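**Q**
In the working numbering, the protein residues as written are 539 to 589.
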């Protein structure tokens with residue numbers, strides 16, 4: 539019982555820290571990915587229109 543409680547507590551902390559870290563990462567990377575994504579969309583549109 540005690541061990542399970544500790545494990546779940548640790549998991550909760552780990553998940554929270556991980557989520558915060560991932561969120562920070564995503565915020566930084568989103569700008570870059572958005573630019574990349576828009577370039578790809580533009581490329582697809584050009585291909586679709588010309589094709």
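Cβ coordinates follow ideal geometry from the N, Cα and C atoms, glycine included. This one's a predicted model, so the numbers in the text were calculated from it and none came from an experiment.
When you compare only the Cα positions, how much space is there between residue 548 and residue 557?
**A** Using only the alpha carbons, I get a separation of about 14 Å.
**Q** Nearest-angstrom Cα distance between residue 579 and residue 573?
**A** C-alpha separation (whole angstroms): 10 Å.
**Q** Could you give the distance in angstroms between the alpha-carbon of residue 564 and the alpha-carbon of residue 555?
**A** C-alpha separation (whole angstroms): 14 Å.
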